Amino acid sequence: MLNVKRWVEPLIHFIIWLAGFIVVAVHVNNIGFLKRGHEGFLFTVILATLLNVGLFYTVALGLIPRYSPHKCRKRLFLYLLLALAGYTLLESVVDFYFMPTYYSSEKEPYFSQFMVALTSNLFILSIALGYGFTRVWLMGEKHQQELKSEKLSAELNYLKAQVNPHFLFNMLNLAFASATKSGDEFTADLIEKIASQLRYMLYDSNIEKVPVSMEIEHINGFISLQKLRMSSEMPVNIIYQTQGDFDSNFIAPLLLIPFIENAFKYGKSFDDPSQIEIRVECINNTLELKVVNPIKMRINHVDKNSSGIGLENVRKRLALIYPGMHNLEINEKQGMFNVYLQIQLN
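Position in the sequence shown (first residue = 1) + 34 = the numbering used here.
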């Protein structure tokens, strides 16, 4: 069923172009001064149709989707003029090349046929503009609906998952008070760090965008917890670096932590020392995250239990929130698992 829907639009386009070609070839008596009976008439119709197809899709599927959403109106206007002039000139030159005798005659000057081609291409250009802008608008509406649906689904899942975390959060507060009262500073510190992580996930991140500094604090807390947990295990060398302006830039919450969680889950070894590298930079409104860890355990996916967010969910969130404004690369090289994420924040 999906394959059928995929071919419906191209089939409709093909039928329309074929119908247009037949109408011109059969029912139009002349193109400019070129009469139907002339040997070059059919060639001119075929050439014009092919070039019209090229102009139409260059504008509708190439220029408009690329430049319209980003408000590059001057550049779009320039490229539209270049496309119109280029296709018109190409059509005229090819016509002249294949029918030099006809166009060198006094009856049919070259310039007049150029104007005929220009008029035809202007008509095609106007249709392409209408189709292209309508298509971009419909895709934008679809994107907004997907974003709303994704947000609604996330909110529903969030509400369903809140009962147990709220209970756990209250129990952590109770345990923290008990540990503090009994003088167990290590346990109290551990509980406070866990509660801080849970507080961010439950309350602070329940908005569309948060300062990058809050995400960094969340990562800092997570790494501190990991250091406490790994103190009795095989040592792990953690290289953690941050650089840039984190206070004035904003990001969708909980996008970075799944990659870092999995580095600790799959990158540590119980037999040999390990090294995990984490770098976060935010310079010129561009955020970059680099995570490198050895493959001690097989990594087929980002664990879906990590912050409740799997790799596919992260990819989907990036596509919905930062369309055309992010780059995510994940690969394995020489026994190392590499994650590189770049996001244009503004």
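Backbone N, C-alpha and C define an ideal beta-carbon position, used for all residues, glycine too. Remember, predicted model here, so these are calculated numbers, not experimental data.
What residue does the alpha helix (DSSP H) around residue i start on, and which one ends it?
i, result
"residue 261", "246-263"
"residue 221", "219-233"
"residue 294", "291-301"
DSSP three-state call for residue i: helix, strand or coil?
i, result
"residue 383", "The requested residue 383 is not part of the displayed model; the chain covers only 35 to 380."
"residue 99", "helix"
"residue 123", "helix"
"residue 361", "strand"
"residue 159", "helix"
"residue 43", "helix"
"residue 108", "helix"
"residue 317", "strand"
"residue 175", "helix"
"residue 242", "coil"
Along the chain, where does the beta strand (DSSP E) that runs through residue i open and close?
i, result
"residue 276", "270-278"
"residue 4", "An answer regarding residue 4 cannot be provided, because it is not within the stretch 35 to 380 covered by the chain."
"residue 324", "320-328"
Drop a sphere of 10 angstroms on the beta-carbon of residue i, count the other beta-carbons inside from all chains shown, and report buried for 16 or more, exposed for fewer.
i, result
"residue 301", "buried"
"residue 180", "exposed"
"residue 237", "exposed"
"residue 282", "exposed"
"residue 290", "buried"
"residue 155", "buried"
"residue 249", "buried"
"residue 294", "buried"
"residue 173", "exposed"
"residue 211", "exposed"
"residue 359", "exposed"
"residue 296", "buried"
"residue 256", "buried"
"residue 49", "exposed"
"residue 111", "exposed"
"residue 280", "buried"
"residue 159", "buried"
"residue 85", "buried"
"residue 46", "exposed"
"residue 56", "exposed"
"residue 334", "In this prediction, residue 334 has a pLDDT of 44, which is less than 50 and means its spatial position is unreliable; what the coordinates show is noted afterwards. Classification of residue 334: exposed, given that the 10 Å Cβ count is below 16."
Rounded C-beta distance between residue i and residue j? I'm assuming under 8 Å.
i, j, result
"residue 271", "residue 307", "7 Å"
"residue 292", "residue 348", "6 Å"
"residue 372", "residue 319", "Not a contact, Cβ separation roughly 24 Å."
"residue 286", "residue 242", "7 Å"
Hey, residue i and residue j: beta-carbon distance below 8 Å or not?
i, j, result
"residue 317", "residue 274", "no"
"residue 94", "residue 125", "no"
"residue 150", "residue 98", "no"
"residue 374", "residue 299", "no"
"residue 87", "residue 58", "no"
"residue 322", "residue 378", "no"
"residue 161", "residue 90", "yes"
"residue 259", "residue 231", "yes"
"residue 222", "residue 213", "yes"
"residue 354", "residue 184", "yes"
"residue 314", "residue 276", "yes"
"residue 102", "residue 167", "yes"
"residue 157", "residue 122", "no"
"residue 177", "residue 357", "yes"
"residue 153", "residue 117", "no"
Closer than 7 Å: is that where the CB of residue i sits relative to any heavy atom of the ligand COA?
i, result
"residue 155", "Of the ligands one can find in the structure shown there are none, so the ligand COA has no counterpart to examine."
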